[in-house]
Amino acid sequence: MFRSVLFIPCGNPKALSKAHNLKADALIFDLEDAVGDTVKAAALEGLIETAGAGDFATPYRMVRVNPETAEPDLKAFGDLFAAGRLHGIVIPKVASPQAIEDMAFMMPEVDLWAMIETPMGVVRLPDIAKLSGKQPLKGLIAGPNDLRSGLRAASTPKRIELRYALSQIVLYARAYGLIALDGVYNAFKDEDGFRAECTQGKALGFDGKTLIHPSQIEGCEIAFSPNATEIAWAQAVLEAYEQPENAAAGVVSVNGEMIERLHLKRAREILSL
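Residue numbers (numbering that gives the first Met the number 0): 0 to 272.
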């Protein structure tokens with residue numbers, strides 16, 4: 000599962016010191032936006048020291064690389080992937096298939112995650128997502144801050160300005176069997192706003208959300224997990240199709256609702272989470 004995916008700024012020693020005990024579904028060690036020019040060397044060293052030793056509570060760990068220094072940086076910590084200490088690379092501002100292909104050439108056995116955070120990235124989504132059958136592309140990650148800036152759009156409480164782009168990310172992720180992650184919510188002390196955005200992200204079809212603060216992990220996982228109503232619906236659908244008289248039925252009635260076999264697939268997905 001990738002419900003909660005927390006960014007860890009590698010330029011922040013305090014954040015790195017807490018990384019092993021964080022219980023998110025995944026971590027992204029960040030060498031890009033959260034690392035200033037004056038601390039890049041220290042950030043790289045901090046990543047290598049932190050990811051290279053100790054047990055993690057989080058089962059899946061990625062690195063968001065800086066495109067300008069990706070090649071030498073990967074030479075410095077590339078062995079951590081082969082050792083199973085790191086599992087994926089997040090490529091920022093993907094605007095064409097070439098960015099994925101170039102990274103796959105350098106790291107052919109590593110999961111790749113494409114951040115869609117520019118207008119061109121949204122426009123080129125059909126070409127980017129279809130690489131999933133040829134390259135080790137695992138997921139798409141929305142980058143709302145950069146995307147909003149690129150659109151010259153104002154920030155609205157319900158993200159009206161981003162709705163089309165977010166839906167496109169989910170659409171192409173589903174079409175090509177990729178994981179779709181919603182972007183960060185900046186006001187980490189605004190619990191109500193964060194909860195509302197998580198609810199919206201789930202409604203749009205995202206699998207989970209990227210986070211900027213550990214305090215967001217629990218609420219995010221609750222929001223992106225099936226609730227009691229969804230579980231009850233899924234169980235009822237499964238039970239209906241398990242009845243002998245419905246074994247070959249295309250359509251059944253469940254609590255007064257017409258249910259088709261496509262709903263059975265979704266019910267199984269819900270119960271597997």
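For every residue, glycine included, the Cβ atom is placed at its ideal position computed from N, Cα and C.
- Contact annotation: M105 and L73 have beta-carbon atoms nearer than 8 Å.
- Of D24, D101, M102, H212, the smallest CA-CA separation from A14 is found for H212.
- For Y175, same chain residues with a beta-carbon under 7 Å away, outside a window of 5 residues either side, are A128, K129, S131 in chain order.
- If only uninterrupted beta strand (DSSP E) runs of at least 3 residues are considered, those enclosed by the stretch 67-134 are 87-90, 110-115.
- For S3, the closest of M61, A23, A186, L139 by C-alpha to C-alpha distance is A23.
- In the three-state reduction of the DSSP assignment, D145 falls in the helix class, which pools H, G and I.
- In the three-state DSSP reduction, T198 falls in the helix class (H, G or I).
- I7: member of the beta strand (DSSP E) spanning 3-8, first to last residue.
- By the Cβ test, the stretch 198-208 is not in contact with the stretch 238-247, since fewer than three Cβ pairs between them sit closer than 8 Å.
- In this structure, I115 lies near G142, with their beta-carbon atoms less than 8 Å apart.
- Under the three-state reduction of DSSP output, F223 falls in the coil class, being neither helix nor strand.
- When the five nearest sequence neighbours on each side are left out, the beta carbons in the same chain lying within less than 8 Å of the beta carbon of R173 are those of A179, G204, in order along the chain.
- A Cβ-Cβ distance of about 18 Å is found for the pair W112 and G83, leaving them out of contact under the 8 Å criterion.
- With respect to the C-alpha of N254, the residue from A50, T228, D54 having the closest C-alpha is T228.
- For T155, there is no enclosing beta strand (DSSP E), since its DSSP letter is neither H nor E.
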